[in-house]
């Protein structure tokens with residue numbers, strides 16, 4: 001049981017880049033689509049945070065407010081973060097303000113926000 005708790009802790013503490021690498025490994029080596037991997041990681045994060053006080057927010061939405069000057073870089077990053085195709089990622093960026101990820105842990109949301117802001121986008125967490 002302790003091994004599973006350690007594994008869950010490792011999953012919850014993955015960075016955005018590590019989650020993307022994990023999704024690629026699961027897709028290429030095991031045939032599991034990235035969206036299913038994200039659900040599994042999010043489910044692990046929700047289970048680990050379930051013991052917190054009810055008033056503490058445990059799920060966050062990452063909202064892209066504007067693409068900024070580097071629209072192409074933001075589109076590529078949205079594509080990478082969501083596992084969507086290029087056209088779908090471009091549609092999200094073009095329709096800003098729009099949710100990029102919903103119901104993610106605080107750490108994951110902050111990591112996504114930081115990545116998008118480094119690419120030049122305006123982002124908020126809800």
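Numbering (the numbering used here), first residue to last: 1 to 126.
We put the beta carbon where it would ideally sit given N, CA and C, even for glycine.
Source: prediction; values computed, not measured.
**Given residue 66 as reference, the closest of 15, 9, 116, 13 once Cα atoms are compared** = Comparing Cα-Cα distances from residue 66 to each of 15, 9, 116, 13, the minimum goes to 116.
**Prompt:** Which one or two residues does DSSP pair with residue 7 in a beta bridge?
**Reply:** Partner(s): none; residue 7 has no beta bridge.
**Prompt:** Span of the alpha helix (DSSP H) holding residue 71?
**Reply:** Counting along the chain, the alpha helix (DSSP H) containing residue 71 begins and ends at 71–82.
**Prompt:** Less than 8 Å separating the beta-carbons of residue 62 and residue 96?
**Reply:** Judged by their CB atoms, residue 62 and residue 96 are not nearer to each other than the 8 Å cut-off.
**Request:** Output yes or no for whether 8 Å exceeds the beta carbon distance between residue 73 and residue 119.
**Result:** Taking the C-beta atoms as reference points, residue 119 is found nearer than 8 Å to residue 73.
**Nearest residue (CA-CA) to residue 83, options 19, 113, 124** = Per the C-alpha coordinates, the member of 19, 113, 124 positioned closest to residue 83 is 19.
**Item:** Close beta carbons around residue 111, own chain, < 6 Å, minus the five adjacent residues each side
**Value:** Closer than 6 Å at Cβ, skipping near neighbours: 15, 16.
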